[in-house]
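**Student:** Chains as they are written, first to last, in full-length UniProt numbering: chain Z, 1 to 365; chain F, 1 to 365; chain H, 1 to 365; chain B, 1 to 365.
Structure in structure tokens, see below.
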């Protein structure tokens, strides 16, 4: 094993560059993974733009597919050379938060309003790769709490087939899992980017029998159909709330999944939601959210609003790969491009400008 | 039985008056109840002020305790002369909404944004007494769908003991039931009016072992202690968010129950809530609600926000009366005053100005 | 409307005959349905054989598809001439049981052990058609509590397409719904008769990605594949418990659905169930059930055992028809034969001897 | 720190003796605890009698209260000298079972029927102390996976106050938590040994308002009253099923908690359970269990049967100690005797013969 590796690091707003870095030491509960494939996420673009602050020099990326290069002395149940993935969110399952049912929130904290306003809050602390510790857009990544986080890839699944599991698929699916879907439900999924597409696939797996996919891009709506949407609506062409009310005979949808993070999409979700329905929110918002009084029934609508941060852990990853293996869901249409790690700057550019029908890009170190 | 009765009706904003009205006819699924005790609710005050629109001439009030005067021909399981209550929300249990798990939303409807904005929504349609049909501040009230809504009062319980069951207790308790409380939880209940006090009692019944009651009125906080609060905080004397974070070692509360309906109280609830916690909202809001970005974790906090409209039905009422009968909860401190129906104008005045330590007033036709 | 109708009645053990009966009167909450299609269920065979006691002269059958002939005066939301179905279980939604979350158990009762042993229990009282009141194998059936039980058939669905909704599909699906299935689960469904086949389809709808269907009949296993099974096992050819443990790498299945009602199948379900898993039981047992100590972990296995009686009601029927309409599930392979009402004796004979690949027979009055 | 310690070990059926043993080495994820108080459990008696097989020489006991003597190099969040407890069940929270929601079943396994019958099953593998590894009836115990299992004892709580948390309280409470209790429920708890008494206290915390405690010992029934029972029934004096049906007006109980492990008590639980109710089973059975057909509704009673193995982990322990700290539950009446470790043989004798009103004995090394 060499001493140094290539890694894409955040240099300053607007610049992510591939540099040489020492390959990290492996502590007793760690594992060193040689990355064979990773990808770029919308969050990485926020980091690149300086909208989401990370330390300078941090390796970015949080979606690892690779091979165990070296196991910590206390990690049981794996062997070096094994193909694995790990969740984008890599919790410590010994934490209070994990045992309390929210592993993704391990390390999150609150701060009182008086001190420093909203900046005093950190509610994504289970997200470590490319946020709190070096990430996956590199030749190697160190996985902490490896015994709880490494998930062996079944033989017969390619890197590309499991590349969505660590983040996009886990996030999209939790949007469906949080939506209280019952067999025979009507579910709207608002926005059909990679996460929304996975939410559409997830809603189908949970038993929704009328899935209404909404986006402004007809190509994405066409992919939504392949993911399980029964009806697709282009918000550029019609008033989607009116249309959904028409489609449901005024009843509204049983659940609405918001997969973008805008005031408009959140509000659409609420306006098309039946009294007593569930709004499952996946979007990362960038400003205070307003809940309009009427659709909210002044607080008397028996509504449920659920949010989530991508679930991680080896059992979660095992299940997601089981879905892929079963053929129930095929996410290969989401991996539209492939680039080498050394070309990552160009890959970011392609991804952030959504050129060339790009959905997700496989990055190969 | 006489042909006419006394009833307090909405005349115009600012005027509710006792008038003579015909006693209604009894259809096959109805029951006519002779009211022995009823009460005034905060919502009635909104009606009086004209803030919540009802038809002129409608009898107000929605909390019936009385005696079955006449049963509809198709109503089984009761006898005339029986003491009963009925929920403030009187659903049709044959409706789709009821069978779908949200009986209180039977009759609610949505309207698209384009048509008439928020006024196109009605999300409280299970609430019929004093809203859609004649209410309970009268000598008699007609209970629709009587077989599903009449609940016999156990011998040995006085009118005053069960007077809170139809609305205040059912609402306060659903706030606790919606809060995902587990044994050993820390729960904050924000605002200690009658509903908040019942939410405090409900949180105790659900197994919360640290209940933090918050209000600006020390008398109410003293009652909160009797209802099960472990800690009381007066928001006029300290920063309650800071204080709660201090009390919980920075962990935040497992659940926060909002029982007032203001931006401030909603926001306090969110700011003191642990990542992954539940905000159970009971308040009736009067303007759009703003969710601050930071405490909301930009949508990534694994939060749950649940709202509710008071559950009704005979089984709900039976359970609530069982709680009273068991002695686990004593709501008698909430009934602070008694007035005759003919003096209801004065009773409204007393209640809306919160004079004389008033919490709830028993009205006797 | 004529005064008399043809109806198949229980005469004595071994004899069900078509006789003339008066068409019943319609009370305020009833509806009279002209049956266009119905079917025979395994329970009817038990009645025919005298194994399940019903009153002599009772019209049998509990799966109605038809047209509203006459509506009771108090029934709202329907029109005469409308095509409808109703659940096999026709609960009174105003009952305590229904409001308590178990409508199918309305009317059920317990009796103490001392009085008359197990015959003192009746736990199927929501089942009225062909059990407590006249059933559906007739030209007309009277539906009680019609407003809660009549479900309009969407245009475009044939009688045959919705014929399974009242009983078989609702029962099979509740087996899946009770099984705590999560996305990515491995689920075994033991026995692939009509109910087991629907449980297989239901498990797929709930997100199971490895469904193991078990039966002793290869034809039925072939239908199971069409319903969503990933693996089929013939218990006549191999030790199914061994095989399932092999298939799951010793892990066991997340959920096992028992769909027959024998000691053997129940025990297989338990033996292949993972620690912490759910056994969802649909079978109607005919003798005391024995739980073997070892697979039960002496009571320490964190197991869940759930049983169910077919859910009814118009909302349930609406959802099931929505599933059919969506095309997610096609139950037409289950309706293998058609007979006239007057030929019902022969149809019973065909059905009970499982000749000619019969699964379900459409009966046409 | 000395090299050797005193420990009570299983020698052969009928003999548990205090011997000298080396104090174990501390691996990176372990912690060595100096025991200040522990106790004897019914399971230990089974071990003593040879009814539950453990390796000869194994230190018995699984309820640790003590002080951290030495922390493993990778264990974060604690300091040496800190007072702690750990659950009787000490799971590896990095395991698939833990991430799958059943930490207590980590390490459990199934074996096919063909191989070796019921002895091929092991469904208690999260239970390690005094079962798979050396236990707590010793001067020191090594806690594996310490970061997930050590729970600091709040200042102000004595050893005796927290001594029930690791096993008895966690088990009794999970019986209540598994019973689907809602506010206003009627719950029967069958058997009022230490676990049943904790189940009674737990049922009260979950909102049951009529708790019926059943036992054959009037002293224990008197303690049950202190734990929250509303009604107590002595099965030696009356037919408890009849009596419960009478008390509930023939309705049956919403939930029945079985806390002993006999055919009789299981059957009583089922016979008094309402249709649609939950039977929460805590008992350790010693032979196959028979479910009587009638009370089981032939499998159509909408019953739920849940079993559990005592939950562990630091978050569980934190919550249980919060309950004690709140004063909601006082388990001090359960610790009736105190003995030195060297006198443990006599303590076993006292405990197994239930002399002198013994409930639990504090053992002091």
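Backbone N, C-alpha and C define an ideal beta-carbon position, used for all residues, glycine too.
Residues of the region 296-318 of chain B with a CB closer than 9 Å to any CB of chain H: list them in chain order, please.
**Tutor:** So the close ones are 296, 297, 298, 299, 300, 301, 302, 303, 304, 305, 306, 307, 308, 309, 310.
**Student:** Could you tell me whether the Cβ atoms of residue 80 of chain F and residue 63 of chain F are closer together than 8 Å?
**Tutor:** No, they are not a contact pair.
**Student:** Taking the CB atoms as reference points, tell me whether residue 196 of chain Z and residue 307 of chain F lie closer together than 8 Å.
**Tutor:** In this structure, residue 307 of chain F does not lie closer than 8 Å to residue 196 of chain Z by Cβ.
**Student:** Put residue 262 of chain B into one of helix, strand or coil per three-state DSSP.
**Tutor:** In this structure, residue 262 of chain B counts as coil in the three-state DSSP scheme.
**Student:** Distance, Cα to Cα, residue 297 of chain F vs residue 281 of chain F?
**Tutor:** Cα to Cα, the separation comes out at about 19 Å.
**Student:** In terms of residues, what are the limits of the beta strand (DSSP E) holding residue 12 of chain B?
**Tutor:** Unbroken beta strand (DSSP E) run through residue 12 of chain B: 4-12.
**Student:** How big is the Cα-Cα spacing for residue 8 of chain H and residue 353 of chain H?
**Tutor:** If I take the Cα positions, the gap works out to 19 Å.
**Student:** Identify every residue that forms a DSSP beta bridge with residue 213 of chain Z.
**Tutor:** Partner(s): Z:189, Z:232.
**Student:** Which of helix, strand or coil does DSSP assign to residue 89 of chain B?
**Tutor:** Three-state DSSP puts residue 89 of chain B in a strand.
**Student:** I'd like the list of long-range same chain contacts for residue 329 of chain Z, defined as Cβ closer than 6 Å, with 5 residues on each side in sequence excluded.
**Tutor:** Excluding positions up to five away in sequence, the list reads 201, 323.
**Student:** Residue 66 of chain B bridges to which residues according to DSSP?
**Tutor:** Residue 66 of chain B pairs with B:35, B:84.
**Student:** Could you give the residue range of the alpha helix (DSSP H) that holds residue 334 of chain H?
**Tutor:** Looking at the DSSP string, residue 334 of chain H is not in any alpha helix (DSSP H), and its letter there is neither H nor E.
**Student:** Would you call residue 55 of chain Z buried or exposed, if buried means 16 or more other Cβ atoms sit within 10 Å of its Cβ?
**Tutor:** Flag for residue 55 of chain Z reads exposed.
**Student:** On the DSSP letters alone, give me the boundaries of the beta strand (DSSP E) that residue 279 of chain B sits inside.
**Tutor:** That run of the beta strand (DSSP E) goes 273-281.
**Student:** Which residue comes first and which comes last in the beta strand (DSSP E) that contains residue 300 of chain Z?
**Tutor:** Residue 300 of chain Z -> no beta strand (DSSP E), and no H or E assigned at all.
**Student:** Could you check the C-alpha separation between residue 198 of chain B and residue 304 of chain Z for me, to the nearest Å?
**Tutor:** So the two alpha carbons sit approximately 34 Å from each other.
**Student:** To the nearest angstrom, report how far apart residue 67 of chain H and residue 294 of chain H are at their CA atoms.
**Tutor:** C-alpha separation (whole angstroms): 53 Å.
**Student:** Between which two residues does the beta strand (DSSP E) carrying residue 19 of chain F extend?
**Tutor:** Start and end: 15-22.
**Student:** Counting only the same chain and skipping the five closest in sequence on each side, list residues whose C-beta sits under 6 Å from that of residue 83 of chain F.
**Tutor:** The answer, listed in chain order, is 67, 153.
**Student:** Would you say residue 119 of chain F lies against chain Z (beta-carbon separation less than 8 Å)?
**Tutor:** Annotation note: pLDDT 43 at residue 119 of chain F (below 50); position unreliable, no value reported.
**Student:** Measure the alpha-carbon distance for residue 314 of chain H versus residue 185 of chain B and round it to whole angstroms.
**Tutor:** In a straight line, the C-alpha of residue 314 of chain H is about 28 Å away from that of residue 185 of chain B.
**Student:** Going along chain Z, which residues have a C-beta under 8 Å from residue 78 of chain B?
**Tutor:** Those within 8 Å of residue 78 of chain B in chain Z number zero; the least Cβ separation is about 11 Å.
**Student:** Quick check on DSSP: helix, strand or coil for residue 364 of chain F?
**Tutor:** It is a strand residue.
**Student:** For the beta strand (DSSP E) containing residue 152 of chain Z, name the first residue and the last one.
**Tutor:** Unbroken beta strand (DSSP E) run through residue 152 of chain Z: 150-152.
**Student:** Looking at C-alpha atoms only, which residue of B:203, B:235, B:25, B:216 is the closest neighbour of residue 227 of chain B?
**Tutor:** Closest option to residue 227 of chain B, Cα to Cα, is B:203.
**Student:** In three-state DSSP terms, what is residue 204 of chain Z?
**Tutor:** Correct three-state label for residue 204 of chain Z: helix.
**Student:** I'd like the span of the alpha helix (DSSP H) that includes residue 319 of chain Z, first residue to last.
**Tutor:** Taken as a continuous stretch (DSSP letters only), the alpha helix (DSSP H) holding residue 319 of chain Z covers 314-326.
**Student:** By the 10 Å Cβ neighbour count, where 16 or more other Cβ atoms means buried, how is residue 264 of chain B classified, buried or exposed?
**Tutor:** Counting Cβ neighbours within 10 Å, residue 264 of chain B comes out exposed, since fewer than 16 surround it.
**Student:** For residue 159 of chain H, which residues from the same chain have a beta carbon less than 6 Å from its beta carbon, with the 5 sequence-adjacent residues on both sides left out?
**Tutor:** Counting only Cβ-Cβ distances below 6 Å, and skipping sequence neighbours, we find 36, 37, 65.
**Student:** Note down, in chain order, each residue of its chain lying with its Cβ closer than 7 Å to the Cβ of residue 3 of chain Z, except the 5 sequence neighbours on either side.
**Tutor:** Cβ within range, chain order: 22, 23.
**Student:** If you draw a straight line from the C-alpha of residue 109 of chain B to the C-alpha of residue 249 of chain H, how long is it?
**Tutor:** Cα to Cα, residue 109 of chain B sits roughly 11 Å from residue 249 of chain H.
**Student:** Could you tell me the alpha carbon to alpha carbon distance between residue 310 of chain Z and residue 268 of chain Z, rounded to whole angstroms?
**Tutor:** About 23 Å.
**Student:** Please confirm if residue 292 of chain B has its CB atom under 8 Å from at least one CB of chain H.
**Tutor:** By this cut-off, residue 292 of chain B is an interface position.
**Student:** Where do the N-terminal and C-terminal ends of the beta strand (DSSP E) with residue 290 of chain H fall, by residue?
**Tutor:** Its beta strand (DSSP E) spans residues 289-291.
**Student:** How is residue 123 of chain Z classed by DSSP in three states: helix, strand or coil?
**Tutor:** Of the three classes helix, strand and coil, the one that applies to residue 123 of chain Z here is coil, per DSSP.
**Student:** To which residues does DSSP link residue 142 of chain Z through a beta bridge?
**Tutor:** Looking at the DSSP assignment, residue 142 of chain Z forms a beta bridge with Z:32.
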